[in-house]
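Asker: So that we are looking at the same thing, I have put the structure below in structure tokens.
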Amino acid sequence: MKTVFFTGKGGVGKSTLSATLAWQLAEKGFRVLAVSIDPAHNLGDIYGKKLSFKKKKFSEHLYLQEINLEKAADEYVKANMNLMREIYGYLQSFNMDKYFSILKYSPGIEEYAALTALEKILTSERENFDYIVFDTPPTGLTLHIFALPGITLSWLERLIKIRQEILKKRYTIHNIRGKYEAKGVPLVYDEKDDNVIKKLYELQERYSLVLSLLQGKNNAVSVVFNPDYLSLKESQRLLTGLSDLGLPVQGAFNNKMTEKSGEIAEMVEETLKKDHSSLTIQRVPYRADSMQEGYKLPCDITLPFL
Amino acid sequence: MSLQIFKTIKDFISGMDYVHREKAASITLWEEKELENIFTILLMGSFSGIPAPPAFIAAELFPLLTSELKIFNERAENSFDTLAEMTGILSID
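The listed protein sequences correspond, in order, to chains A and B. Per my numbering: the first sequence = residues 42 to 347. Per my numbering: the second sequence = residues 106 to 198.
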């Protein structure tokens, strides 16, 4: 299975190109799943379908799916609140549960919700499809989502080390004293019995898999931009961010080209290639009637991904 | 008579052995407690304003740490003079 993420500044045409690539690959006979994780959710509008988390068949080989980040964040917070209430029943008596209801606006929650949904799709659908094409949110949020597995793994590594050290010391105390308990509660000292370290290992395995899928040769991150100065600046930041995260950029699209954009288009492409010489840029012409069957662009964009 | 002396020496040596083992256990216990504290404080870092792992790691681990969090809470309440405790364990006068 190959994955393709379309990234770029808001409004450059990520959804249109995602829809186009998914459609063209499906027309070539590949089994394709197109997923929107962009809160704007233009993918459904382009295909003229109302999408949800449950995948919907669009054509013989093409399926569509939408991740509602706000809903995913809500569900995550709800699950956490229930968990917290169960463990710390007294929170309700202090009205502390109101604090948790605003958690969904906390930094990182939306990224986590997106990453969890991504992980679910990548692990459960990789056998069912040849390609999964993602339409992503604008640059900032996308980079945060891509950075999360690496950050999580580095934290997990630290926590595992501390937990291993705790268990080692408990084992020593157990060996000297014959037992080890605190406040009458026996404390485990063997990794086999410690659910905390088992959970940490499980999380480490899950996020290592996501990171290896994202950084692997079967993943492509494609950059979409328009022939204008602001788009150039954001694409430069995006390319630097992707390279810092070790993500493979494959294919860049200079979208919405018109006859008038020749000179500025040249400048934008040259500037981008100055720092990223291996970048292959394809020009995609502006289509005025893109409201109807917007996924049927007249040029083939599958080449960088075959 | 010689049997009595032998028993006294044996008791003395096993007593010494016990004291040394207990001292080693106390130091290890203190280190272990501190590591547990660090582990818990790191997980709850976002509540106390220190750099914290992504909140969901804590959320995934909290249900498994219920009894340890209770112990942590009790220790926090009873820790009036941790410096004295530490100097006691390390035999610093």
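Here a beta-carbon is modelled for each residue, glycine too, at the ideal position from N, C-alpha and C.
1. Would you list the residues sitting across from residue 167(A) in a DSSP beta bridge?
2. Taking the CB atoms as reference points, tell me whether residue 321(A) and residue 172(A) lie closer together than 9 Å.
3. Using a Cβ distance threshold of 8 Å, determine whether the segment 291 to 304 of chain A contacts the segment 75 to 92 of chain A, with at least three qualifying pairs required.
4. Whose C-beta lies closer than 7 Å to the C-beta of residue 244(A) among residues of the same chain, with five residues either side of it excluded?
5. Identify the contact partners of residue 133(B) in chain A, using a Cβ-Cβ distance below 7 Å as the criterion.
6. Straight-line CA distance for residue 190(A) to residue 181(B)?
7. Taking Cβ to Cβ, would you say residue 186(A) is nearer than 9 Å to residue 177(A)?
8. Give me the subset of the segment 159 to 174 of chain A whose CB atoms are less than 7 Å from a CB atom of chain B, sorted by chain position.
9. Would you please verify whether the beta carbon of residue 112(A) is less than 9 Å from any beta carbon of chain B?
10. Bridge partners for residue 49(A) per DSSP, in chain order?
11. Scan the segment 138 to 163 of chain B for residues whose Cβ lies nearer than 9 Å to a Cβ of chain A and list them as they occur along the chain.
12. Pull up the CB-CB distance for residue 266(A) and residue 52(A), whole angstroms please, since I reckon it's below 8 Å.
13. Kindly indicate if chain B contains any beta-carbon less than 9 Å away from that of residue 240(A).
14. Can you tell me the Cα-Cα spacing of residue 88(A) and residue 156(A), whole angstroms?
15. Taking Cβ-Cβ distances shorter than 9 Å, what residues in chain C pair up with residue 237(A)?
16. Which residues share a DSSP beta bridge with residue 294(A)?
17. Determine the burial state of residue 138(B): buried for a count of at least 16 other Cβ atoms within 10 Å of its Cβ, exposed for fewer.
18. Could you tell me whether the segment 162 to 180 of chain B touches the segment 220 to 230 of chain A, using the rule of 3 or more Cβ pairs below 8 Å?
19. What residues in its chain sit with their C-beta under 6 Å from that of residue 62(A), if we drop five residues either side in the sequence?
20. Strictly by DSSP, which residues pair up with residue 107(A)?
21. Going by DSSP in three states, residue 260(A) sits in which element: helix, strand or coil?
22. In the DSSP assignment, the alpha helix (DSSP H) including residue 316(A) goes from what residue to what residue?
23. Taking C-beta pairs closer than 8 Å, name the residues in chain B that residue 217(A) reaches, listed in chain order.
24. Going by C-alpha to C-alpha distance, which of 130(B), 128(B), 145(B) sits closest to residue 200(A)?
25. Can you pull the chain A neighbours of residue 179(B), defined as C-beta to C-beta under 7 Å?
26. Assuming residue 302(A) and residue 339(A) form a contact by the criterion Cβ under 8 Å, report the distance between their Cβ atoms to the nearest whole angstrom.
27. Rounded to the nearest angstrom, how far is the Cβ of residue 164(A) from that of residue 255(A), given a contact under 8 Å?
28. Which residues bound the beta strand (DSSP E) around residue 173(A)?
29. Pick out the complete beta strand (DSSP E) segments inside the segment 159 to 239 of chain A, 3 residues or longer, and give them in chain order.
Answerer: The answer reads as follows:
1. DSSP, once it has assigned bridges, lists no residue as partnering residue 167(A).
2. Cβ distance not < 9 Å, so residue 321(A) and residue 172(A) don't count as in contact.
3. At 8 Å Cβ cutoff, the stretches do not touch.
4. 197
5. 210, 213, 214
6. If I take the Cα positions, the gap works out to 33 Å.
7. yes
8. none
9. No Cβ of chain B is located within less than 9 Å of the beta carbon of residue 112(A).
10. Per DSSP, 265(A).
11. 138, 140, 141, 143, 144, 147, 148, 151, 157, 158, 159, 160, 161, 162
12. Actually they do not touch by this definition, with Cβ atoms about 11 Å apart.
13. yes
14. 24 Å
15. In the structure shown, chain C cannot be found, because the protein chains are A and B.
16. 265(A), 323(A)
17. buried
18. Yes: at least three Cβ pairs fall under 8 Å.
19. Result list for residue 62(A): 174, 342, in chain order.
20. 77(A)
21. strand
22. 303 to 316
23. Here the neighbours are 126, 127, 129, 130, 133.
24. Considering only alpha carbons, the answer is 145(B).
25. Chain order gives the chain A residues near residue 179(B) as 224, where near means a beta carbon separation below 7 Å.
26. Residue 302(A) to residue 339(A), Cβ: 17 Å. No contact.
27. Incorrect: roughly 13 Å between the Cβ atoms, too far for contact.
28. 172 to 176
29. 172 to 176
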